[in-house]
């Protein structure tokens with residue numbers, strides 16, 4: 030089954046570049062932007078051999094997993110562009126939830142799963158990482174910003190030895206293909222990208238994201254730049270920072286870091 034865009038994405042004017050195997054969909058998308066591609070264009074591959082996640086961690090996608098990137102060129106600041114990652118999380122969570130419901134209806138006895146969004150860029154199934162998002166931006170000609178949002182999802186296999194335990198849709202009993210997930214994701218992106226509206230709609234995106242947030246109101250530990258910050262995950266601010274309330278009552282904005290929740294926090298912070 031080939032990769033195709035969903036009907037909503039097609040009607041919104043998105044284009045598709047599909048590959049059998051490629052080093053990195055993010056790298057390909059940004060390379061095309063430097064060469065004049067203005068999007069909005071999806072890049073998707075059956076196999077990714079040299080992908081990377083946040084902090085340059087490798088993200089290899091074997092055949093059967095989903096590796097894709099969306100290229101959008103816009104006139105916004107890098108700070109505003111960074112908030113687009115939250116729309117990506119919502120788009121993927123919505124696609125996963127929709128397909129999970131459909132799969133549970135097809136298979137007697139299977140249960141609908143609950144997917145949550147982990148700040149800043151992960152999608153969880155329970156406490157396990159199912160997907161990751163990487164947003165990159167680069168200034169191009171005409172005072173525009175090329176924004177590439179890469180999305181990797183463990184459909185049939187999950188990596189081992191990762192900082193956060195990982196899982197796959199297959200391990201969770203959800204039998205869907207990467208092609209089916211991609212079509213649903215492209216439609217979800219068209220919806221939530223529209224709500225985001227070049228940052229003007231981030232207030233609504235923020236509310237929706239918080240309604241699906243993992244660990245909200247729970248103990249949290251963040252490792253960032255060699256330091257550890259502990260407290261309670263209080264909220265998400267208007268710039269997309271995680272707000273942590275410490276034991277002293279201070280509200281600390283977190284711009285980057287590895288996040289550990291609940292009982293896992295003390296382990297991750299050690």
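Numbering (the numbering used here), first residue to last: 30 to 299. All residues carry an ideal CB built from backbone N, CA and C; glycine is no exception.
Reduced DSSP secondary structure (H/G/I, E/B, other) of residue i
{"i": "residue 294", "result": "Low per-residue confidence applies at residue 294: pLDDT is 42, beneath 50, and the placement is therefore not dependable, though the value from the model is reported in the following sentence. Reduced to three states, the DSSP call for residue 294 is helix."}
{"i": "residue 216", "result": "helix"}
{"i": "residue 36", "result": "helix"}
{"i": "residue 202", "result": "coil"}
{"i": "residue 105", "result": "coil"}
{"i": "residue 94", "result": "strand"}
{"i": "residue 222", "result": "helix"}
{"i": "residue 175", "result": "strand"}
{"i": "residue 243", "result": "coil"}
Span of the alpha helix (DSSP H) around residue i
{"i": "residue 234", "result": "231–240"}
{"i": "residue 300", "result": "Given that the chain is displayed from residue 30 to residue 299, the structure contains no residue 300 and the question cannot be resolved."}
{"i": "residue 114", "result": "113–135"}
Which listed residue (the options) has its alpha carbon closest to that of residue i
{"i": "residue 226", "options": "101, 70 and 152", "result": "101"}
{"i": "residue 216", "options": "65, 156 and 71", "result": "71"}
{"i": "residue 69", "options": "219, 31, 241 and 33", "result": "219"}
{"i": "residue 123", "options": "213, 239, 268 and 277", "result": "213"}
{"i": "residue 223", "options": "32, 31, 37 and 283", "result": "37"}
{"i": "residue 197", "options": "206, 169 and 184", "result": "184"}
{"i": "residue 271", "options": "245, 162 and 255", "result": "245"}
{"i": "residue 280", "options": "256, 288 and 260", "result": "260"}
{"i": "residue 133", "options": "105, 203, 252 and 191", "result": "203"}
Residue range of the beta strand (DSSP E) that includes residue i
{"i": "residue 253", "result": "248–253"}
{"i": "residue 44", "result": "44–48"}
{"i": "residue 165", "result": "157–169"}
{"i": "residue 67", "result": "Unbroken run through residue 67: none, as it is neither H nor E."}
{"i": "residue 153", "result": "151–154"}
{"i": "residue 145", "result": "144–147"}
Per DSSP, cross-strand counterpart(s) of residue i
{"i": "residue 273", "result": "262 and 281"}
{"i": "residue 78", "result": "Beta-bridge pairing links residue 78 to no other residue."}
{"i": "residue 286", "result": "Answer by DSSP bridge pairing: none, since residue 286 is not bridged."}
Supposed contact pair residue j and residue i - C-beta distance, whole angstroms, cut 8 Å
{"i": "residue 167", "j": "residue 59", "result": "6 Å"}
{"i": "residue 119", "j": "residue 237", "result": "6 Å"}
{"i": "residue 142", "j": "residue 153", "result": "10 Å between Cβ atoms; not a contact."}
{"i": "residue 206", "j": "residue 30", "result": "6 Å"}
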